Every structure is written in C-alpha cells, then in structure tokens.
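Novice: Under my numbering, the first residue of the sequence shown is numbered 24, with each subsequent residue one higher. For reference, the structure I am asking about is given below.
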Amino acid sequence: MSTATQPDPEPIPRPTRLTAAAAVSGLEALALIAGGVFLLVMGLLGRPDSPQQAEMGGVTLIALGIIPLLAARGLLLRRSWSRGPALITQILALPVAYTLLTSDGAGIPAGIALAAVAVTGLVLLVNPTTTEALGIRGPGGDA
C-alpha cells in the first residue's frame, strides 16, 4: 500500500509591510537595548551623578527593549499577538518624541527621527495588508 504524498501548498509570502513593521520594531528594540547598555556601562565605569540611578535606568531600558524585540520576532513569524506590543511601543514613543522636540539642541533632530519612526510603525501596523497577514479580523469580520 503506497501513500502518495502531496506537496505542501506554496506558503503565502510575507507582505512587505509586515516585514517593514517588524524591522521598525526591531530597530526600536536595538536602540533601547543599546541605550540601556550605555547607561549601565557608564553607571559602572563612568562618573555619573548617581551611579545607582544610571544602572537602574540601564537595566530598565534593556528590559523595555525586550518587548519590541519579541514583537518584531512575532511579526516575522506572523503571530497575531505581536501586533499589540508593537502598537504600544509606537504609541509610547510619541510622547518621548514630543519631549525631545520641545527640548533645546540635539534633542530636536532625535525627536524628529523618533516621531517619524513611530508614525511609520503605526501606519504599517494598522495597514489592512498587515492585519490580514496576521489573521486579525476587524469588528464584524467573523460574520
């Protein structure tokens, strides 16, 4: 008795918008982790006003960087749960960008860049192509 195996159907390619959203989330994760490592190293080896505060800030940024990193991985693997943490990361970046934009000096270009990245991430994450690729249905989508 021979069993003929049928080839698996061709997997649907990942939409470019979903890949871009994962890249934005991953970029933010790397920036947070790099900032955390910098603060941690400066707290340990540098001469900050408060070493404990610098070290705790570094650990906090590293921990916060894990969230968009996991979200980026989930987006690449088309996990629907990953959209929530990715959206939250983008939304939380907007007040930080505003604070940088209202500061003086070097904070303004950083605020512009962060705002552009956050808005781009939001647009990519709410795009119908992205939500469809993640298997997320809108209101009334189950009818």
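Backbone N, C-alpha and C fix where the C-beta goes; we use that ideal spot for every residue, glycine too. Note that the coordinates shown come from a computational prediction; the quantities given were computed from them, not determined experimentally.
#1: As an exercise, report each continuous beta strand (DSSP E) stretch of at least 3 residues that is fully enclosed by the segment 65-130, in chain order.
#2: Pull up the CB-CB distance for Leu148 and Arg106, whole angstroms please, since I reckon it's below 8 Å.
#3: Mapping DSSP to helix, strand and coil, what is Arg40?
#4: Roughly how many angstroms lie between the CA atoms of Leu92 and Val140, to the nearest whole one?
#5: Given 8 Å as the limit, is there contact between the segment 108-124 and the segment 79-93, that is, 3 or more CB pairs closer than that?
#6: Which of helix, strand or coil does DSSP assign to Pro132?
#7: Hey, does Ile35 have any beta-carbon neighbour from chain D nearer than 7 Å?
#8: Looking only at C-alpha atoms, which of Pro74, Leu99, Pro132 and Gly49 sits nearest to Thr154?
#9: Does the beta-carbon distance from Ala77 to Leu62 come in below 7 Å?
#10: Considering only C-alpha positions, which residue in the set Ala120, Arg96 and Arg160 is nearest to Leu41?
Specialist: Judging by the given coordinates:
#1: You should have found no qualifying run.
#2: One-based indexing of the sequence shown puts residue 148 at position 125. One-based indexing of the sequence shown puts residue 106 at position 83. Yes, they are in contact, since the Cβ atoms of Leu148 and Arg106 sit about 6 Å apart, within 8 Å.
#3: What you label residue 40 is simply residue 17 of the sequence shown in a count that begins at 1. Of the three classes helix, strand and coil, the one that applies to Arg40 here is helix, per DSSP.
#4: Counting from 1 along the sequence shown, the entry for residue 92 is found at position 69. Counting from 1 along the sequence shown, the entry for residue 140 is found at position 117. Near 15 Å, if we compare the C-alpha coordinates of Val140 and Leu92.
#5: yes
#6: Residue numbering aside, residue 132 sits at position 109 when the sequence shown is read from its first letter. If DSSP states are grouped into helix, strand and coil, Pro132 belongs with the helices.
#7: In the structure shown, chain D does not exist; there is a single protein chain.
#8: Position 131 of the sequence shown, counting from 1, holds the residue named residue 154. Among Pro74, Leu99, Pro132 and Gly49, the Cα nearest to that of Thr154 belongs to Leu99.
#9: Residue 77 sits at position 54 when you count from the first residue of the sequence shown. Residue 62 sits at position 39 when you count from the first residue of the sequence shown. Yes.
#10: Within the sequence shown, the letter at position 18 stands for residue 41. Closest by alpha carbon: Arg96.
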